[in-house]
Amino acid sequence: MKYAALALIACLSLFNQSVHAAAAPQAEPEFILPAGVSPDDPEAAELAMQYFTLGPSFVTNYDGSGRLKYLKADISVLARLTAQPYLERHLPYIRNRLVVLFSGQLEETLQSTQGKEALRQQALVEIRHALQMLETPSVADQILELYFTSYVLQR
9 MKYAALALIA
19 CLSLFNQSVH
29 AAAAPQAEPE
39 FILPAGVSPD
49 DPEAAELAMQ
59 YFTLGPSFVT
69 NYDGSGRLKY
79 LKADISVLAR
89 LTAQPYLERH
99 LPYIRNRLVV
109 LFSGQLEETL
119 QSTQGKEALR
129 QQALVEIRHA
139 LQMLETPSVA
149 DQILELYFTS
159 YVLQR
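Written out as structure tokens, the structure is:
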């Protein structure tokens with residue numbers, strides 16, 4: 009059983025390396041403007057948003073009781089375009105905070121719909137708190153939403 013868990017970790021690690029070449033937040037090519045804002049508006053640059061992927065995948069063990077259990081999750085955030093340099097600069101710290109958050113979860117929480125939503129909200133708060141602590145509150149406010157784009161549990 010121990011070797012099966014190690015094999016799973018090795019496979020997930022190899023998969024992550026082949027899928028994600030860089031660890032920096034990857035921006036989608038298009039930006040998004042709020043409804044009613046035209047690209048020609050003077051405030052369009054300040055209001056423009058984009059999805060950023062916080063790759064590579066997060067793979068961590070969780071629920072320290074009993075046998076090893078793993079969570080693999082891919083995360084994207086919706087943020088103002090101006091947030092990208094801050095996300096890139098502090099990505100190692102942000103990823104660390106998220107790994108600690110995920111590894112402290114109980115199985116019951118991670119399996120339920122309500123638990124996943126609560127975890128999503130907690131992860132968003134962690135990112136905002138990190139940016140507020142390392143930069144300014146206005147930088148933290150540029151992170152608008154967080155989404156799990158992949159979420160797999162191994163029990």
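Numbering (our numbering), first residue to last: 9 to 163. Don't be surprised by glycine CBs; every beta carbon is placed ideally from N, CA and C.
Exercise. Considering only residues of the same chain and omitting the five flanking positions on each side of residue 42, which have a CB-CB separation below 8 Å?
Worked result: 55, 57.
For this session: Below 7 Å CB to CB, which residues in the same chain sit around residue 90 once its five sequence neighbours on both sides are set aside?
Result: Excluding sequence neighbours, residue 90 sits near 150.
Problem set entry | Spatially closest choice to residue 60 from 159, 98, 92, by CA coordinates | The shortest CA-to-CA distance from residue 60 to any of 159, 98, 92 is the one to 92.
For this session: Could you tell me whether the Cβ atoms of residue 106 and residue 143 are closer together than 8 Å?
Result: Result no, Cβ atoms of residue 106 and residue 143 do not sit closer than 8 Å.
For this session: Could you give the DSSP three-state label for residue 154: helix, strand or coil?
Result: strand
For this session: Buried or exposed for residue 53, please, with buried defined as at least 16 other CB atoms from any protein chain shown within 10 angstroms of its CB.
Result: exposed
Exercise. So residue 87 packs on residue 95, CB below 8 Å; how close in whole Å?
Worked result: 7 Å
For this session: Put residue 75 into one of helix, strand or coil per three-state DSSP.
Result: coil
For this session: Would you mind giving the Cβ-Cβ distance between residue 132 and residue 109, rounded to the nearest angstrom? I have them listed as a contact below 8 Å.
Result: In fact, because the Cβ distance is near 11 Å, the residues do not count as touching under 8 Å.
Problem set entry | DSSP state of residue 113 mapped onto helix, strand, coil | Coil.
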